[in-house]
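Novice: Can you keep this structure in mind? I'll have questions shortly.
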Amino acid sequence: MRYVQFGTTDMQVSQLGFGVWTVGTTWWGITDKQIGLDLLRRAYDLGVTFFDTADTYGDGFGEEIVAEALGDVRDELVIATKGGYNWYEHKERRGQQERPQDWRPEFIRFSVEQSLRRLKTDRIDFWQAHNTKMDAVDNDALFETLERLKEEGKLRAYGVALGPKIGWVDEGVKAMRTRPIDGLQMIYNMLEQDPGRELSRVAQAEGVALLVRVPHSSGMLEGRYTAETTFAKNDHRQHRSKEWLEGGLKKLERLSFLTDDRDLTIGQAALKYVWQTPMCCVALPNIYNVEQLEEFAAASDKPDLAADELARIKDLYDNGFYLEQSETSAVA
């Protein structure tokens, strides 16, 4: 496992992070708590030290399970969590519908204290405003509160997590350029390179660490889907259309040059691509079984992708993955 500096902070983080939402919610089909505990502990044993959760995952469960699984090695970890949704007063939720956000200083302080209690720790290494919209970016009181919490030692660093879906480039750019954030979380992968490329460019200029979630494009880049793949009713991917699946598989065929005649899976190549993007310190793949976890953990020490391969990926994306093999071979 490779470890890198988290932006301009003094924290060293594992390139592979563990996104706790797969075991802190039921959206990925995991309903057995012990499976989650075992996966978190196995990740640590494999060298993973960065764990990303949120107070709203399972209404607090996503933080509690981290403490239960890894409390005895707390000082070896970099724990990231998120806040901003007022799920304490708004319990009702339909599917993945967003609850009301609350950026009042008193609520942010309350939610940070509650996260500290559930995580059984005295500090949060990296706190993120969860699914930040422009009203949060423009909220002076929010960032003044975060600065005070940082001065008090309750937060080591803070930033924003963009979402819930891909996009939010204006919010991300403005947050990096106008607020003293340490990191930004975004969706980015070989099949969905925008707006990540622009966010990476700004992050370089501003010294902001990038965390990447969905590096496998909702599983497409794991190489396990077929035209017959279906998802369980409790798996949030079940809303994906047949067209999304078939189109993604065709794009995947164009990326076979990354794995042909080499000891590298497409899932590992997807992670290497993220890690080789400027300022992308941590990749947060969706982890829901041990086999997959071990495959992803092994990726960090694999040789990097070559410059001409990165250029070829860019050109394929820019051309909608329609270029033929002979055309992509000429790209430099």
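Residue numbers (the numbering used here): 1 to 332. Glycine included, each C-beta is placed from N, C-alpha and C at the ideal position. Here the structure is a predicted model, which is why all the values come from computation and not from measurement.
1. Give the secondary structure of R213 by DSSP, where H, G and I count as helix, E and B as strand, and everything else as coil.
2. By Cβ distance, which residues of its chain are closer than 7 angstroms to G207, with the 5 residues on each side in sequence left out?
3. By DSSP, does F110 sit in helix, in strand, or in coil?
4. Under three-state DSSP, which class holds L255?
5. Does the segment 44-57 come close enough to the segment 13-29 that 3 or more CB-CB pairs lie under 8 angstroms?
6. Take the Cβ of E327 as the centre, count every other Cβ of all protein chains shown within 10 Å, and call the residue buried at 16 or more, exposed below.
7. Quick one: measure Cβ to Cβ for A175 and I181, integer angstroms, because I've assumed they're closer than 8 angstroms.
8. Excluding the 5 residues preceding and the 5 following E144 in the sequence, name in chain order all residues of the same chain whose CB lies nearer than 8 angstroms to its CB.
9. On the DSSP bridge assignment, give the partners of Q12 in chain order.
10. Taking 8 angstroms as the cut-off, decide whether the C-beta atoms of A43 and L119 are in contact.
11. From D260, T81 and D10, pick the residue whose C-alpha is nearest to that of R123; which is it?
12. Once DSSP output is grouped into helix, strand and coil, what is the label at D52?
13. For the segment 314-322 and the segment 60-77, state whether three or more C-beta atom pairs, one from each stretch, are separated by less than 8 angstroms.
14. Report yes or no: do the segment 285-300 and the segment 239-256 share at least 3 C-beta pairs separated by less than 8 angstroms?
15. How would you label D318, buried or exposed, when you count the other beta carbons within 10 angstroms and need 16 or more for buried?
16. Pull up the distance between the alpha-carbon of A205 and that of S218, whole angstroms please.
17. Could you tell me whether the segment 208-215 touches the segment 274-293, where touching means 3 or more Cβ pairs closer than 8 angstroms?
18. Candidates T49, V4, F61 and R41: which alpha carbon is nearest T31's?
19. Select from L37, A269, A203 and D102 the residue whose C-alpha is nearest the C-alpha of G159.
20. Hey, how far is the Cα of A332 from the Cα of D102?
Specialist: Taking the geometry as given:
1. Residue 213 sits at position 213 when you count from the first residue of the sequence shown. It is a strand residue.
2. The sequence position of residue 207 within the sequence shown is 207, counting from 1. Within the same chain, G207 has close Cβ partners G7 and T8.
3. Mapped onto the sequence shown, residue 110 falls at position 110. F110 falls in the helix class under three-state DSSP.
4. Stepping through the sequence shown from its first residue, residue 255 is reached at position 255. Three-state DSSP puts L255 in coil, outside helix and strand.
5. yes
6. Walking along the sequence shown from the start, residue 327 turns up at place 327. The pLDDT assigned to E327 is 49, lower than 50, so where the model puts this residue is not dependable; a value taken from the coordinates is nonetheless given after this. Classification for E327: exposed.
7. Position 175 of the sequence shown, counted from the start, is the residue given in the question as residue 175. Position 181 of the sequence shown, counted from the start, is the residue given in the question as residue 181. The pair is a contact, with the Cβ atoms about 6 angstroms apart (cut-off 8 angstroms).
8. The sequence position of residue 144 within the sequence shown is 144, counting from 1. Contacts found: P105.
9. Against the sequence shown, residue 12 aligns to sequence position 12. Bridge partners of Q12: Q5.
10. For the purposes of this step, residue 43 is taken as the residue at position 43 of the sequence shown. For the purposes of this step, residue 119 is taken as the residue at position 119 of the sequence shown. Cβ distance not < 8 angstroms, so A43 and L119 don't count as in contact.
11. The residue given as residue 123 occupies position 123 in the sequence shown. Answer by Cα proximity: T81.
12. Taking the sequence shown and counting its residues from 1, one reaches residue 52 at position 52. Three-state result, D52: strand.
13. Counting Cβ pairs under 8 angstroms, fewer than three are found: no touch.
14. no
15. Sequence index remark: in the sequence shown, residue 318 carries index 318 (1-based). Exposed: under 16 other Cβ atoms inside 10 Å.
16. To locate residue 205, count along the sequence shown from 1; it is residue 205. To locate residue 218, count along the sequence shown from 1; it is residue 218. Taking the straight line joining both Cα atoms gives about 29 angstroms.
17. yes
18. As a first step, residue 31 is located in the sequence shown; it is residue number 31 there, counting from the start. Of the candidates T49, V4, F61 and R41, F61 places its Cα closest to the Cα of T31.
19. On the sequence shown, position 159 is the one that residue 159 refers to. Out of L37, A269, A203 and D102, the CA that lies nearest to the CA of G159 is found in A203.
20. Walking along the sequence shown from the start, residue 332 turns up at place 332. Walking along the sequence shown from the start, residue 102 turns up at place 102. Caution applies to A332, whose pLDDT of 34 falls short of 50 and renders its modelled position unreliable; the value that the coordinates give is listed next. C-alpha separation (whole angstroms): 48 angstroms.
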